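In what follows, a structure is listed as C-alpha cells, so that the remarks can point back to it.
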Amino acid sequence: MSRVFPHPLLALSLLAIWLLLQQSLSLGQILLGTLVTVLASLAMAALQPARSNVRRAHKFLVLLVLVTLDILRSNVAVTWIILRGRARKETAGFLIVPLKLTDAHGLSLLAFIVTATPGSAWVEYNASRSTVLIHVLDLVDEKAWIDTLKRRYETLLLEIFE
Amino acid sequence: MWAAVLVASCVVLGAFFTFIGCLGLVRLKTFYHRVHAPTLGTSFGTLMILLGSVTYFSVTQSRPAVHEALIFVFVSVTTPVTLMLLARAAIYRDRAEKNDNVPSPDGDTEKIVK
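Which chain is which? The protein sequence lines are A and B, in order.
Under the numbering used here, the first residue of the first sequence is numbered 1494, with each subsequent residue one higher.
Under the numbering used here, the first residue of the second sequence is numbered 177, with each subsequent residue one higher.
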C-alpha cells in the first residue's frame, strides 16, 4: 500500500483536482484519475521530499477562516491606502519578527499567509536566528503587529505542525 | 433575475478590487510598496470574479460548476512565490548597492537577540 501510495494526502488531492477538472464523477474518470495519481505520487516519491508531520488537521479549518477574514479586512485597508495615495502619511516599513516555528512546512504556510494578505509581504527568513523580515504597508504599531502575527498564526501553526 | 444581480455584483466587485490593485502599481512610490498592490487582484479580485462565474454557470447549466475553485487555489498558491522571489531579488540588489533603505541581513535583529 505504502509503495503504491507513498503520499496518501497528495494522492487524494490530485485525484480531487483531476475529477474537478474533468467535471465528472464517472467510474472511467475515477480509474483514469487514480492511474495518473499513482504515477504522479511515484514521481514525487522519487524526489524524496521532506515528510510533513501534521498533528491536528482539523485546525486547518480554523486557520482557513482566520486567513479569509484577515485577507478580506486587509483588502479593504489596502484599497483605502491606495485611493488616498499621496495625501497619506508615510507608514510603510520593515519589521523583524522572531519566530518559534521551525518546521519547513509550517514556515512555508506562514510565508504564504503573510504574502497572500495584501499589505504585508514576507521578504526573508533567517534560519540561524529564526527571524523573518516582513515588509508592512501600514506599519503604525510594530509591537501590535508582531503580537497579532505570533498569536493568531504562529501558535496555530505550532499546534498543527510541531 | 436574482442570479443576474448576484453575478453582476460579484464580477463588478472583483473587477473593482483588481483595478485598485493595478492602480496601486502606478500610484505607490517604492518597489516595496508596489509589491503589496497586486495581491488585491489575486485575493478578493479573483475570488469575487470566480464566485460570479460559479453562480452563472451553476444557474444556466442547472448543475453545480465548482471547478473554478481550482483557479483560486492555483492563483493563491503561486502568487506568493512570485512576490517573495521579487522581494528577495530587490532586497539583494539594495544590499549589494548599499542602499540604506533596507535592513542589513543581521543588523537590527541584534537588539532582539541579545
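By construction, the Cβ of each residue, glycine as well, lies at the ideal position given by its N, Cα and C atoms.
Since the structure is predicted, the reported quantities are computational estimates derived from the model, not experimental observations.
- Item | C-beta neighbour in chain B for residue 1625 (chain A), strict 8 Å | Numbered from its first residue, the first sequence carries residue 1625 (chain A) at position 132. It does not: the Cβ of residue 1625 (chain A) has no partner Cβ on chain B nearer than 8 Å.
- Message: Counting only C-beta atoms, is residue 278 (chain B) closer than 8 Å to chain A at any point?
- Response: The residue given as residue 278 (chain B) occupies position 102 in the second sequence. Taking Cβ atoms only, chain A reaches closer than 8 Å to residue 278 (chain B), which makes this a yes.
- Message: Does any residue of chain B have a CB that is nearer than 8 Å to the CB of residue 1516 (chain A)?
- Response: Indexing the first sequence from 1 puts residue 1516 (chain A) at position 23. Yes, residue 1516 (chain A) counts as interfacial toward chain B.
- Message: Between which two residues does the beta strand (DSSP E) holding residue 220 (chain B) run?
- Response: By 1-based counting over the second sequence, the position of residue 220 (chain B) is 44. Unbroken run through residue 220 (chain B): none, as it is neither H nor E.
- Query: What distance in whole Å lies between the Cβ atoms of residue 1588 (chain A) and residue 1647 (chain A), which are believed to be in contact at a cut-off of 8 Å?
  - Reply: Sequence index remark: in the first sequence, residue 1647 (chain A) carries index 154 (1-based). Sequence index remark: in the first sequence, residue 1588 (chain A) carries index 95 (1-based). Between residue 1647 (chain A) and residue 1588 (chain A) a beta carbon distance of about 14 Å is seen, past the 8 Å cut, so the two are scored as non-contacting.
- What is the DSSP secondary structure of residue 1595 (chain A), reduced to helix, strand or coil? For the purposes of this step, residue 1595 (chain A) is taken as residue 102 along the first sequence, with counting starting at 1. Correct three-state label for residue 1595 (chain A): coil.
- Query: Given a threshold of 16 other Cβ atoms within 10 Å of its Cβ, counted over all protein chains shown, does residue 268 (chain B) qualify as buried or as exposed?
  - Reply: For the purposes of this step, residue 268 (chain B) is taken as the residue at position 92 of the second sequence. By the Cβ neighbour-count rule, residue 268 (chain B) is exposed, with fewer than 16 other Cβ atoms within 10 Å of its own.
- Could you check the C-alpha separation between residue 1538 (chain A) and residue 1507 (chain A) for me, to the nearest Å? In the first sequence, residue 1538 (chain A) corresponds to position 45, counting from 1. In the first sequence, residue 1507 (chain A) corresponds to position 14, counting from 1. Distance between the alpha carbons of residue 1538 (chain A) and residue 1507 (chain A) is about 14 Å.
- Query: By how many angstroms is the C-alpha of residue 1521 (chain A) removed from the C-alpha of residue 218 (chain B)?
  - Reply: Indexing the second sequence from 1 puts residue 218 (chain B) at position 42. Indexing the first sequence from 1 puts residue 1521 (chain A) at position 28. The C-alpha of residue 218 (chain B) lies about 34 Å from the C-alpha of residue 1521 (chain A).
- Test: residue 232 (chain B) CB closer than 8 Å to a CB of chain D: The chain labelled as chain D is not found among the protein chains of the depicted structure, namely A and B.
- Should residue 196 (chain B) be flagged as near chain A, meaning a C-beta pair shorter than 8 Å? By 1-based counting over the second sequence, the position of residue 196 (chain B) is 20. Yes - at least one Cβ of chain A is within 8 Å of the one on residue 196 (chain B).
- Item | Within chain B, partners of residue 1612 (chain A) - CB distance below 9 Å | For the purposes of this step, residue 1612 (chain A) is taken as residue 119 along the first sequence, with counting starting at 1. Against residue 1612 (chain A), the close residues of chain B are 212, 215, in the order they occur along the chain (beta-carbon pairs closer than 9 Å).
- Message: Give me the chain A residues within the contact set of residue 219 (chain B), using Cβ-Cβ distance strictly less than 7 Å, ordered along the chain.
- Response: Within the second sequence, the letter at position 43 stands for residue 219 (chain B). What residue 219 (chain B) touches in chain A: 1564, 1568, 1609, 1611.
- Item | Range of the contiguous beta strand (DSSP E) that encloses residue 1614 (chain A) | For this step, residue 1614 (chain A) is matched to residue 121 along the first sequence. First-last of the beta strand (DSSP E) with residue 1614 (chain A): 1613 to 1619.
- Task: Verify the CB distance criterion: does residue 1653 (chain A) have a CB-CB separation below 8 Å to chain B?
- Result: Along the first sequence, read from residue 1 onward, the residue named residue 1653 (chain A) stands at position 160. With 8 Å as the cut-off, residue 1653 (chain A) does not count as an interface residue toward chain B.
- Query: So, is residue 1554 (chain A) buried or exposed, given that buried needs 16 or more other C-beta atoms within 10 angstroms?
  - Reply: To locate residue 1554 (chain A), count along the first sequence from 1; it is residue 61. Exposed, by the Cβ-count rule.
- Which of helix, strand or coil does DSSP assign to residue 1630 (chain A)? In the first sequence, the residue the question calls residue 1630 (chain A) occupies position 137. The answer is coil: DSSP assigns residue 1630 (chain A) none of H, G, I, E or B.
- Item | Under 8 Å (Cβ pairs) to chain A, residues found in the stretch 255 to 270 of chain B | Those residues of the stretch 255 to 270 of chain B that come within reach of chain A (Cβ to Cβ, closer than 8 Å) are 255, 256, 259, 260, 263, 264, 267.
- In terms of residue numbering, what span does the alpha helix (DSSP H) encompassing residue 203 (chain B) cover? As a working mapping, residue 203 (chain B) is identified with position 27 in the second sequence. Boundaries of the alpha helix (DSSP H) around residue 203 (chain B): 178 to 203.
- Message: I need the boundaries of the alpha helix (DSSP H) containing residue 1577 (chain A), first residue and last residue.
- Response: The residue given as residue 1577 (chain A) occupies position 84 in the first sequence. 1552 to 1577 is the span of the alpha helix (DSSP H), which, as asked, contains residue 1577 (chain A).
- Query: Taking the alpha carbon of residue 243 (chain B) as the point to measure from, which residue in A:1516, A:1595, A:1548, A:1565 has its own alpha carbon closest?
  - Reply: Looking up residue 243 (chain B) in the second sequence gives position 67. Of the listed residues, the one whose Cα sits closest to residue 243 (chain B) is A:1516.
- Query: For residue 259 (chain B) versus residue 1614 (chain A), is the C-beta spacing smaller than 8 Å?
  - Reply: Here residue 259 (chain B) corresponds to residue number 83 of the second sequence, with the count starting at 1. Here residue 1614 (chain A) corresponds to residue number 121 of the first sequence, with the count starting at 1. The criterion of a C-beta distance shorter than 8 Å is satisfied by residue 259 (chain B) and residue 1614 (chain A).
- Taking only the alpha-carbon atoms, compute the straight-line gap between residue 1650 (chain A) and residue 1594 (chain A) and give it to the nearest angstrom. Stepping through the first sequence from its first residue, residue 1650 (chain A) is reached at position 157. Stepping through the first sequence from its first residue, residue 1594 (chain A) is reached at position 101. Computed Cα separation, rounded: 8 Å.
- Message: Between which residues of its own chain and residue 1527 (chain A) is the CB-CB distance below 7 Å, once the five residues before and five after are set aside?
- Response: Locating residue 1527 (chain A) in the first sequence gives position 34, counting from the first residue. So the list reads 1508, once near-sequence residues are dropped.
- Output, in chain order, the set of chain B residues within a Cβ distance shorter than 8 Å of residue 1647 (chain A). Indexing the first sequence from 1 puts residue 1647 (chain A) at position 154. The contacting residues do not exist; residue 1647 (chain A) stays about 15 Å from chain B at best.
- Message: By DSSP's criteria, residue 1587 (chain A) is part of a beta bridge. Which residues make up the other side?
- Response: The residue labelled residue 1587 (chain A) in the question sits at position 94 within the first sequence. A:1628, per the DSSP bridge assignment.
- Message: With distance defined between alpha-carbon atoms, name the residue in A:1523, A:1623, A:1571 nearest to residue 1629 (chain A).
- Response: The residue you call residue 1629 (chain A) lines up with position 136 of the first sequence. The alpha carbon of residue 1629 (chain A) has as its nearest neighbour, out of A:1523, A:1623, A:1571, the alpha carbon of A:1571.
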